[in-house]
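Heads up: the structure comes next, in structure tokens.
2 protein chains.
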Amino acid sequence: MSTITDQLIKFARATPPEDALIMMRLSLFDWAACGVAGAADADFADFVAAQLARGQGPATVIGGQSAPAATAALINGTLSHALDYDDTHFAHIGHPSVAVLPAVLALAEELDAPFDEVIEAATIGVEASILTGLWLGRAHYQIGYHQTATAGAFGATLATGRLLGLEPKELRHALGLCASMASGLKAQFGTMGKPLNAGLAARTGVEATLWAQSGMTAAKDGLAGPLGFGPTHHGQAAEIKPGKGAWHITTISHKFHACCHGLHAMLEAIGDERLSAADVAGIHVRTHPRWMSVCNIAEPTTGLAAKFSYAQTGAMKFLGHDTGAIASFTNDICRDAEVLALREKIKVSEDERLSETQCEVSLTLHSGGLRRLRHDLMEPMTLEVRAEKLGAKAVSLLGDTRADALWQAAQGESLRDLTDQLVIS
Amino acid sequence: MSTITDQLIKFARATPPEDALIMMRLSLFDWAACGVAGAADADFADFVAAQLARGQGPATVIGGQSAPAATAALINGTLSHALDYDDTHFAHIGHPSVAVLPAVLALAEELDAPFDEVIEAATIGVEASILTGLWLGRAHYQIGYHQTATAGAFGATLATGRLLGLEPKELRHALGLCASMASGLKAQFGTMGKPLNAGLAARTGVEATLWAQSGMTAAKDGLAGPLGFGPTHHGQAAEIKPGKGAWHITTISHKFHACCHGLHAMLEAIGDERLSAADVAGIHVRTHPRWMSVCNIAEPTTGLAAKFSYAQTGAMKFLGHDTGAIASFTNDICRDAEVLALREKIKVSEDERLSETQCEVSLTLHSGGLRRLRHDLMEPMTLEVRAEKLGAKAVSLLGDTRADALWQAAQGESLRDLTDQLVIS
């Protein structure tokens, strides 16, 4: 019988549809913007320097140094997840691009691969991450695994394996090796260990593929075998259908607000609605129960805590603060009198009728009116609107000039043009 | 309440008793002999070359090249487990030295550490691996984790953390990082992925420690926290008492047969008994249930698979093949007509009354006789007898001259003398 391992090996040779490739380039643009902005995080400087001291190589490290592919994948995966602002897929349960792109790009530079093949390999890898995440299922995530890293490592392996042109037999070994290396715990959330998990997944992809190519053998069915990754890691072995119907990558979510993804449906629901404490008797936010323990800090006092607060970010949004800008989330904004006055009027409760991607905001206005705002992150967004929103986000992260150059490179045909954009002068 | 994480952090500063240090030096001697002999395995040559191409460094790679500590730990852990001939601890459930020694030695060369501190750090690390293995318990192993690699990574982290002199707070981060990186599946048994698991564990020890030193933060209780390594990886959280009573390292087992340790009690039980297929109606091997999924390949076709087969190795032993010699385990011996004829008569079954270190072999002879052979690997062995047997094993692996020089170095006071013995000219 065919298992997910067989399915993925076959899927490595699939031809991605056009909408999947377009989405991949959008995610590449967004990932690179998050990575370049994240590289400014001084906390990671010593870690990066220590990796670079191990040796030089052909792959660009975000910032501008270069290193062997595995090292670059490790560093770039870590730095590009430092802001936690990169893309998400709710079914995957994780951030799909951050494990795959650093692996594919680093290996591509080592191979000097054509850019369109890089995009195709990344698309296959991201789709494979999501498929693996679906196959592992919610139990795997709930028990404590960081699916971005675990499912992500398999996606990164499939992507690099395709790029390198591994034969099916070698790819089987690569996935087998990955099964012994894929790891990462949610226990790291709130520490530097969370972005590191993404970096490790990217490195695993590069190493599993290169090691399989160098003749390393491994378990035949690393994912679904009796002692494989799924059975050992609380996987649910849900049915998957690689390449059938619309590709999952086409329903990736991008973050347009520099805070927890659980808050995004509310912020989108608010949209351009503007009001202050004087306008409103009460605001009622209804959200999926899952989020109540994730991002419902009632009275945050720091910029970091603000990123996990419905009341704080809701008040900021109604008052016109730019929730898409990293710089908006300060300790000061948590003491702002106007924000506090509005924050106090926001009540949050769970509503099981809502999905995880939906939110409803009810306003009781002093004018006597009642308003109800709703948003579902799964609502289709045209590629044009998405591109525009991602562009605005990149401008806020990098400034006009860099954002434009990165956009051109991500839409272009040159690997070198893209990796040049990872250099910070 | 104090958890295993707290216990290990405290234990990192313990003073090992004399008998533990003596055993550590015996295991160092044995590990190095296995490593140098294992480096002759051409299968790993491309893998090793690919790692070395990443960059140079101060740590000796078995064979004679040098590399950064993390790379040397990865390669040396892999090569020294290639023969699967290194030491074992049955309570740990794994090979304790192979994850710890490559990590400690590599970092020691980077630090130019005094040899007695290296031995002490390795002793702490090996003991910590066994303690972690005990804490994780049998469920973790049974579901499919390769405890050599998982528990071993924590031991390697504690050993390198001690050697580097990490403060308790940093060591806590190092163990937290290790919790996200420790991995390895039993599904790799019978493939090159098995020794690679050991190498990865050694590298994890070096990296977790160096990264914590470079300021990387992680989960506060990576092992026992709510989403920690134990709860996510089917750990049983058995009670452990670090440093209380005799140290576990003093009950390490060394292999005197070049195959899976699960087969050794049978091979010792057979001893000098010789017979062929013509002599016997049937042979019934009874063993502890644990081994049935580990080393009971019924019809191996490769030398590597033969090392995990009761039927194959039992037949070889009865026919007088030297199971202590690496060279005995070939693809050809799996096709040998005499061996096959006897192999077919060997039935293996589990017997819960036996411990993991016991085996019983019943012979039904055509002469009408019934014979019962038994052995228990836990039968006490003096340090003198052990040293003598290890010496003989090293001579068979390396020849007289090298074995003697290695013995002197392992008992000596110079790190450089020891690492010089890893060089093959």
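Listed in order, the protein sequences are those of chains A and B.
Be aware that the first sequence starts at 1, since it is given in the working numbering, and climbs by one per residue.
Be aware that the second sequence starts at 426, since it is given in the working numbering, and climbs by one per residue.
Positions of the beta carbon are idealized from the N, C-alpha and C atoms, including for glycine.
TODO: Run the CB neighbour count on Leu815/B, radius 10 Å, all protein chains shown included, and call it buried at 16 or more, exposed below.
DONE: That one is buried.
TODO: Report yes or no: is there a C-beta of chain B within less than 8 Å of the C-beta of Ala103/A?
DONE: Chain B contact via Cβ: absent.
Open item on the list: Please report whether the beta-carbon of Pro493/B lies at a distance below 8 Å from any beta-carbon of chain A.
Closed with: Taking 8 Å as the CB threshold, Pro493/B lines the interface with chain A.
TODO: Would you mind working out which of Thr782/B, Met426/B and Ile771/B sits nearest Pro714/B, comparing C-alpha positions?
DONE: Here the closest residue by C-alpha is Thr782/B.
Open item on the list: Given a cut-off of 8 Å on the beta-carbon distance, is the pair Ile249/A and Val126/A in contact?
Closed with: In this structure, Ile249/A sits near Val126/A, with a CB-CB distance shorter than 8 Å.
TODO: Could you check if His791/B is buried or exposed, using at least 16 other CB atoms within 10 Å of its CB as the buried criterion?
DONE: Answer is exposed; the Cβ neighbour count stays below 16.
Open item on the list: Using only CA atoms, which one of Asp541/B, Arg699/B and Glu769/B lies nearest to Ile722/B?
Closed with: Among Asp541/B, Arg699/B and Glu769/B, the Cα nearest to that of Ile722/B is on Glu769/B.
Open item on the list: Three Cβ pairs or more, each shorter than 8 Å: is that satisfied between the region 256 to 274 of chain A and the region 332 to 340 of chain A?
Closed with: Taking one beta carbon from each stretch, the region 256 to 274 of chain A and the region 332 to 340 of chain A have fewer than 3 pairs nearer than 8 Å; the two do not touch.
Open item on the list: Against chain A, with Cβ distances strictly below 8 Å, would Pro656/B count as a contact?
Closed with: At least one chain A Cβ lies under 8 Å of Pro656/B.
TODO: Please specify which runs of the alpha helix (DSSP H), each continuous and at least 4 residues long, are wholly inside the region 735 to 760 of chain B, giving them in chain order.
DONE: List check, alpha helix (DSSP H) in window: 735 to 743.
Task: Neighbour flag for Phe472/B against chain A, beta carbons, 8 Å - done: Yes, Phe472/B lies at the interface with chain A (some Cβ there is under 8 Å from its Cβ).
Task: Contact residues within the region 356 to 383 of chain A, judged by C-beta distance below 8 Å to chain B - done: Under the 8 Å Cβ criterion, the region 356 to 383 of chain A contributes no residue.
Open item on the list: Need the endpoints of the beta strand (DSSP E) that Lys772/B sits in, please.
Closed with: Residues Ile771 to Glu775.
Task: Coarse secondary structure for Leu648/B, derived from DSSP in three states - done: It is coil, neither helix nor strand.
TODO: Tell me, please, whether the CB atom of Tyr145/A is closer than 8 Å to any CB atom in chain B?
DONE: Interface annotation, Tyr145/A: in contact with chain B, CB-CB separation under 8 Å.
Open item on the list: I'd like to check one pair, His234/A with Ser362/A: are the Cβ atoms closer than 8 Å?
Closed with: His234/A sits away from Ser362/A, with the two beta carbons spaced by 8 Å or more.
Task: Three-state secondary structure (DSSP) of Ala182/A - done: In the structure shown, Ala182/A adopts coil according to DSSP, grouped into three states.
Open item on the list: Alpha carbons only, please: which of Leu177/A, Val294/A, Met192/A and Leu163/A is nearest the one belonging to Lys887/B?
Closed with: The question about residue 887/B has no answer here: the residues shown for chain B are numbered 426 through 850.
Open item on the list: Could you check whether the region 501 to 512 of chain B touches the region 615 to 625 of chain B, counting it as contact only if at least three pairs of C-beta atoms, one from each stretch, sit closer than 8 Å?
Closed with: The answer is yes - the region 615 to 625 of chain B touches the region 501 to 512 of chain B, with three or more Cβ pairs under 8 Å.
- [ ] Determine the extent of the beta strand (DSSP E) in which Val705/B is found, giving its start and end residues.
- [x] Per DSSP, Val705/B belongs to the beta strand (DSSP E) from Val705 to Thr712.
Task: Ranges of the alpha helix (DSSP H) found wholly within the region 89 to 130 of chain A, counting only runs of at least 4 - done: Counting whole runs of 4 or more residues, the region 89 to 130 of chain A contains the alpha helix (DSSP H) stretches 97 to 111.
TODO: Excluding the 5 residues preceding and the 5 following Thr860/B in the sequence, name in chain order all residues of the same chain whose CB lies nearer than 6 Å to its CB.
DONE: The first residue shown for chain B is 426 and the last is 850, placing residue 860/B beyond what the model contains.
Task: Unbroken stretches of the alpha helix (DSSP H), 4 residues or longer, contained in the region 138 to 189 of chain A - done: The qualifying runs are 147 to 164 and 168 to 181.
Open item on the list: Using CA atoms only, rank isn't needed, just tell me which of Gly63/A, Gln421/A and Ile326/A is closest to Ala471/A.
Closed with: Within the shown structure, residues of chain A are numbered from 1 to 425, placing residue 471/A beyond reach of any answer.
- [ ] Find the residues of chain B that neighbour Thr157/A, judging by a C-beta separation of less than 7 Å, and give them in chain order.
- [x] Under a criterion of Cβ atoms nearer than 7 Å, no residue of chain B is adjacent to Thr157/A; the nearest Cβ is some 13 Å distant.
Open item on the list: I'd like to know whether the C-beta of Arg479/B is nearer than 8 Å to at least one C-beta of chain A.
Closed with: Yes, Arg479/B counts as interfacial toward chain A.
Open item on the list: Quick check: the Cα distance between Val726/B and Tyr141/A, rounded to an integer number of angstroms?
Closed with: Per the sequence shown, the amino acid found at residue 726/B is Thr instead of Val. Distance between the alpha carbons of Thr726/B and Tyr141/A is about 39 Å.
Open item on the list: Is there a Cβ of chain B sitting closer than 8 Å to that of Ala50/A, yes or no?
Closed with: Closer than 8 Å: yes.
- [ ] Could you please tell me which residues of the region 18 to 46 of chain A, in chain order, have their CB closer than 9 Å to any CB of chain B?
- [x] Flagged, chain order: Asp43, Phe44, Ala45 and Asp46.
Task: Short Cβ contact (8 Å threshold) for His682/B with Thr748/B - done: Contact: yes.
TODO: Pick out whichever of Trp247/A, Met24/A, Lys393/A and Pro168/A has its Cα sitting closest to the Cα of Ala121/A.
DONE: Residue nearest to Ala121/A within the set Trp247/A, Met24/A, Lys393/A and Pro168/A is Met24/A (criterion: CA-CA distance).
- [ ] Taking Gly482/B as the reference, give the member of Val810/B, Lys435/B, Arg438/B and Leu532/B with the closest Cα.
- [x] Closest option to Gly482/B, judged by alpha-carbon separation, among Val810/B, Lys435/B, Arg438/B and Leu532/B: Leu532/B.
Open item on the list: According to DSSP, is Asp294/A part of a helix, a strand, or is it coil?
Closed with: Checking the sequence shown, residue 294/A turns out to be Val, not Asp. For Val294/A, the secondary structure class from DSSP, reduced to helix, strand or coil, is coil.
Task: C-beta contact flag for Leu223/A and Thr15/A at 8 Å - done: No, Cβ-Cβ distance for Leu223/A and Thr15/A is not below 8 Å.
Open item on the list: Residues in the same chain with beta-carbon distance under 6 Å from Ala325/A, minus the five sequence neighbours each way, listed in chain order, please.
Closed with: Correct list, in chain order: Ser396.
TODO: Give me the Cα-Cα distance between Pro805/B and Gly94/A, rounded to the nearest whole angstrom.
DONE: When only Cα atoms are considered, Pro805/B and Gly94/A end up about 52 Å apart.
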